[in-house]
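Take a look at the structure set out below.
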């Protein structure tokens, strides 16, 4: 598990974030049990949010952390789209206003269960991330495994870029802001870190636009 302590930004209270991946037995776990566990954890731990999600279109941990920030900010400014923070998190991960569309791409499904690997995020105003994680593993009879969201690959870059419908020109524009003067987008292992940084910025920008769109509609 990776844990983060987020300091006060733009009026959003200090909070803690934990991102984890666990190995489960698909014969013992059903999707409804994950939904039930979310309710159990959030009812037993005040000011704590739990959400399981599919990491197919998650670029990196920063993708999740930015979404957590916008969730906290949305509820702080009362500009939230959903009434539940755990659902709001999916909206910002997907950068979409529709819960159904967000669930289709970022919600946990039977494939995740059969793959025996589930990813989740904990957001809390209290420093209780490790305790909540212990309770999750106890409830699901699961165990922590290595978090692979920090791994970079050309395939993942292409998958995420395609999902968010970013054009080559959009990525090139960000790269030029970094000081790179590419006329065409070359995707290879030599510039992959820079490409990931550019894509992270573009995803964060879409989250910010989603936040502004909601405020204007209030």
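Residue numbers (the working numbering): 18 to 235. Beta carbons: idealized from backbone N, C-alpha and C, even for Gly.
The shortest CA-to-CA distance from residue 90 to any of 203, 220, 28 is the one to 28. According to DSSP, residue 221 shares a beta bridge with no other residue.
Rounded to whole angstroms, the gap between the alpha carbons of residue 200 and residue 206 is 18 Å. A direct Cα-to-Cα measurement between residue 193 and residue 212 gives close to 11 Å. Per the coordinates, the alpha-carbon of residue 183 lies some 16 Å from the alpha-carbon of residue 227. At a Cβ-Cβ threshold of 7 Å, residue 119 and residue 106 do not count as neighbours. Note on geometry: alpha-carbon atoms of residue 19 and residue 35 lie some 6 Å from one another.
With fewer than three CB-CB distances shorter than 8 Å, the region 157 to 169 does not count as touching the region 55 to 67. Taking the CA atoms as reference points, residue 115 sits about 13 Å from residue 97. Assignment of residue 173 by DSSP, reduced to helix, strand and coil, places it in the helix class. For residue 83, the uninterrupted alpha helix (DSSP H) segment begins and ends at 78 to 93. Taking the C-beta atoms as reference points, residue 33 is found nearer than 7 Å to residue 141. In its chain, beyond the 5 residues on either side, 171, 174, 175, 212 have a beta carbon closer than 8 Å to the beta carbon of residue 204. The Cβ neighbour count for residue 139, taken over all protein chains shown within 10 Å, is at least 16; the residue is labelled buried. Here residue 41 carries a coil assignment [DSSP, helix/strand/coil].
Under the rule that a run must span 3 or more residues, no beta strand (DSSP E) segment is found entirely inside the region 151 to 211. Taking the CA atoms as reference points, residue 121 sits about 11 Å from residue 73. Assignment of beta-bridge partners to residue 52 by DSSP yields no partner. Residue 47 sits in coil when the DSSP states are folded into three classes, being neither helix nor strand.
The C-beta distance from residue 134 to residue 40 rounds to 6 Å, short enough to meet the 8 Å contact threshold. Residue pairing by DSSP places residue 134 opposite 40 in a beta bridge. About 15 Å separates the beta carbons of residue 177 and residue 82, which is beyond the 8 Å limit, so they are not a contact pair.
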